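Chains as they are written, first to last, in our numbering: chain A, 1 to 351; chain B, 352 to 702.
Positions of the beta carbon are idealized from the N, C-alpha and C atoms, including for glycine.
As the structure is a computational prediction, the values presented were derived from the model and not from experiment.
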DNA sequence: CTACTAATTGCATACGTATGCTACAGTTCT
DNA sequence: AGAACTGTAGCATACGTATGCAATTAGTAG
């Protein structure tokens with residue numbers, strides 16, 4: 001430690017950081033005055049404020065966020081727990097979330113929770129005095145929720161439901177989204193619809209699948225096939241292969257994420273020379289940027305990243321002001337974006 | 352502040368965090384002993400250590416990283432400055448970087464530096480007592496470098512050169528990469544090669560372009576066209592349009608990033624019905640995951656994310672142990688990955 | 001069993017900021 | 001003019017941990 005500093009060090013090349021005390025000295029006021037100048041909503045006279053600001057500028061002072069955290073117990077740091085950034089949905093969301101939080105003076109700290117070091121990741125997470133945690137990873141959700149709750153850290157489940165936890169959650173209306181997808185395929189004349197699932201332990205997948213199933217049932221139909229895609233490219237391609245080898249060959253596949261849909265389309269077109277949408281229609285979920293790339297032009301149930309992020313930030317800000325705020329579940333509406341992996345609606349149809 | 356806490360609060364529902372003092376009390380040792388138990392490389396007897404660990408476990412104690420930072424002046428936080436995550440190269444890198452740092456007990460804090468709030472972002476960045484900054488954003492590089500340097504924060508420029516700054520940098524050998532791309536096109540019989548550039552203020556683009564130009568010159572050739580793609584999809588498509596409308600129509604285009612190449616290919620194939628690679632060959636840079644997707648199967652000059660990240664982490668760790676370490680520039684070798692946006696080499700060729 | 005060395009431990013303080021409380025100066029009102 | 005306020009400033013302390021130093025204990029050798 002710096003106990004018993006040699007006085008010389010003060011003047012050495014190693015420019016010690018400027019502290020509020022230095023500024024106070026330079027401005028001829030107390031350290032409290034400096035602190036108050038940089039703390040919105042506190043009482044300082046205009047005179048003092050100006051003296052302080054001038055001295056601060058001259059010395060190049062910047063408040064020390066860490067010290068502030070120790071004193072206030074608010075770090076202004078939000079932990080974001082992720083498992084992978086493969087699926088572009090997540091980078092897009094992170095970018096937006098980070099930007100939005102930044103505007104409120106909050107910052108994102110990343111925790112990758114995929115590998116086997118989950119325990120250490122979690123324990124490291126709890127070490128920083130986070131003001132909130134956004135969980136966007138499949139694994140660990142419930143455990144993180146529990147431990148954070150115990151420490152009074154507010155948790156928002158992002159793009160997954162918070163069933164069984166005491167946490168807030170922000171999701172799209174995946175159930176309705178599933179219905180939209182299925183109905184649109186039926187409307188365009190598809191008769192044999194199959195489903196490629198994401199991880200079956202993900203609430204998002206469950207809801208999407210449930211919506212699909214229900215909409216089909218409503219029209220007296222049902223899935224002609226279902227395979228696990230696990231939100232992975234390889235598994236999705238394998239699922240497509242299996243489905244197309246079935247006795248009853250699907251004429252449409254609903255895929256639980258765009259990311260998997262790209263793999264499915266690649267597989268159908270390049271390996272099986274099957275045309276999309278003529279022979280097989282594809283609808284998926286998310287509407288990631290690449291869904292709009294001309295090579296895919298994916299018909300997909302869009303999640304509004306902006307809406308999801310806005311809700312997430314709102315919850316975080318509220319929790320920041322009211323630690324005891326009750327958990328909230330926000331459901332953002334989904335919307336079908338029709339592109340070119342589905343056949344056109346029959347003329348005169350207005351479903 | 353918590354000065355003059357009411358004693359009751361101690362027992363209230365609001366479970367105060369467990370501190371090293373609580374643990375010390377429970378274990379019947381001093382707070383120092385607790386601290387030392389959790390600080391590797393300090394002297395504690397096995398007896399004490401066990402007593403402390405037991406008490407800590409019982410109370411659910413976790414060291415407070417913030418307090419530790421205040422005391423040691425090391426936050427174990429690495430700032431990462433980004434402008435956008437559109438180009439998948441960056442999410443891939445961030446994921447890998449974050450994982451790798453995490454294994455060393457370091458954590459990534461994100462700073463988006465694209466918008467107009469650049470000043471506030473930078474000033475917020477300097478507020479946390481970062482142990483290092485990784486700059487992966489085009490804008491601001493030099494300014495960040497300067498200010499961090501002044502505060503003694505070590506900076507690594509990621510995927511960009513550090514010319515003119517006193518910072519370390521980690522880049523691929525873009526110059527050689529450019530040569531590889533150009534030579535391969537020449538070897539496969541392309542005669543009219545054009546270039547779509549990234550932001551012209553990016554060192555990466557400059558080096559790639561320089562390599563291309565030089566390799567062409569070496570074979571007595573030169574670019575038949577050059578347009579700005581600005582690392583953006585739209586601009587890249589526009590560039591492709593312009594190039595293909597030229598009097599001398601290119602039979603190959605080198606694109607400064609995969610991300611732009613996807614847009615170029617989409618444009619050529621879907622809008623102009625030009626076949627790739629038959630009519631126009633495409634080579635780009637990065638080898639992002641999507642380059643391997645069958646719809647594109649991009650021939651590209653790969654950047655080894657693993658190597659870039661390893662070097663970055665090494666530098667950071669070194670700086671952590673030796674604040675005065677001299678800046679270092681690491682250049683990772685590039686490698687051409689041949690897929691299907693280029694024509695085959697002529698039989699018998701072994702270039 | 002004593003003298004001396006090595007290994008631990010605890011004390012006290014520092015890290016930089018925020019804030020409750022008291023003191024004081026300046027206003028306004030009767 | 002005196003009283004009752006209002007608004008600021010400064011003092012002192014707390015946040016939770018790390019560590020230099022002195023004191024104590026254990027360990028070794030003679």
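Neighbourhood of residue i by C-beta distance below 6 Å, restricted to the same chain and skipping five residues each side
| i | result |
| --- | --- |
| residue 458 of chain B | 428 |
| residue 31 of chain A | 20, 21, 24 |
| residue 520 of chain B | 508, 512, 513, 680 |
| residue 121 of chain A | 111, 113 |
| residue 414 of chain B | 389 |
| residue 327 of chain A | 166, 167, 168 |
| residue 524 of chain B | 682, 684, 685 |
| residue 137 of chain A | 81, 82, 83, 113 |
| residue 537 of chain B | 570 |
| residue 500 of chain B | 517 |
Chain-ordered chain A contacts of residue i [CB-CB under 7 Å]
| i | result |
| --- | --- |
| residue 418 of chain B | 70 |
| residue 697 of chain B | The premise fails here: residue 697 of chain B is roughly 25 Å from chain A at the closest Cβ pair, so nothing lies under 7 Å. |
| residue 613 of chain B | 293 |
| residue 442 of chain B | 85, 91 |
Cβ neighbours of residue i in the same chain (closer than 7 Å, five flanking residues each side left out)
| i | result |
| --- | --- |
| residue 302 of chain A | 287, 334, 335, 337 |
| residue 369 of chain B | 410, 411, 412 |
| residue 663 of chain B | 448, 485, 507, 509, 521 |
| residue 362 of chain B | No answer about residue 362 of chain B holds up, because its pLDDT of 34 lies below 50 and its placement is not dependable. |
| residue 101 of chain A | 78, 107, 108, 313 |
| residue 564 of chain B | 574 |
Chain-ordered neighbours of residue i on chain B, where CB pairs are closer than 7 Å
| i | result |
| --- | --- |
| residue 112 of chain A | 446, 449, 450, 453 |
Cross-strand partners of residue i (DSSP beta bridge)
| i | result |
| --- | --- |
| residue 577 of chain B | B:546 |
| residue 484 of chain B | B:430, B:506 |
| residue 253 of chain A | A:194, A:282 |
| residue 109 of chain A | A:79, B:460 |
| residue 168 of chain A | A:156 |
| residue 687 of chain B | B:652 |
| residue 331 of chain A | A:171 |
Buried versus exposed call for residue i [16 or more other C-beta atoms within 10 Å across all chains shown]
| i | result |
| --- | --- |
| residue 299 of chain A | buried |
| residue 672 of chain B | exposed |
| residue 532 of chain B | buried |
| residue 51 of chain A | buried |
| residue 570 of chain B | exposed |
| residue 573 of chain B | exposed |
| residue 347 of chain A | exposed |
| residue 442 of chain B | buried |
| residue 360 of chain B | Bear in mind that the predicted position of residue 360 of chain B carries a pLDDT of just 33, short of 50, making it too unreliable to give a figure here. |
| residue 271 of chain A | exposed |
| residue 266 of chain A | buried |
| residue 257 of chain A | buried |
| residue 123 of chain A | exposed |
| residue 560 of chain B | buried |
| residue 248 of chain A | exposed |
Neighbouring residues, chain A, relative to residue i (Cβ below 9 Å)
| i | result |
| --- | --- |
| residue 435 of chain B | 95 |
| residue 368 of chain B | 73, 129, 151, 152 |
Contacts of residue i in chain B (Cβ-Cβ under 8 Å)
| i | result |
| --- | --- |
| residue 289 of chain A | 437 |
| residue 343 of chain A | Under the 8 Å cutoff, chain B gives no residues; its nearest Cβ is about 18 Å from residue 343 of chain A. |
| residue 294 of chain A | 617, 618, 620, 621, 622 |
| residue 108 of chain A | 460, 461 |
| residue 105 of chain A | 475 |
Beta-carbon proximity list for residue i, same chain, < 8 Å, skipping 5 on both sides
| i | result |
| --- | --- |
| residue 601 of chain B | 543, 544, 545, 575, 576, 594, 595, 631 |
| residue 37 of chain A | 44, 48, 49, 52, 53, 56 |
| residue 515 of chain B | 493 |
| residue 96 of chain A | 305, 306, 309 |
Proximal residues of chain A, C-beta to C-beta of residue i below 8 Å
| i | result |
| --- | --- |
| residue 483 of chain B | Simply none; closest approach about 14 Å. |
| residue 413 of chain B | 123, 126, 127 |
| residue 388 of chain B | Under the 8 Å cutoff, chain A gives no residues; its nearest Cβ is about 15 Å from residue 388 of chain B. |
Heavy atom of the ligand NAP within 6 Å of residue i beta-carbon
| i | result |
| --- | --- |
| residue 106 of chain A | Because no ligand of any kind appears in the structure shown, any question about the ligand NAP cannot be addressed here. |
Taking the runs of the alpha helix (DSSP H) that are 4 residues or longer, which of them lie wholly in the region 375-432 of chain B? 382-388, 397-410, 416-423
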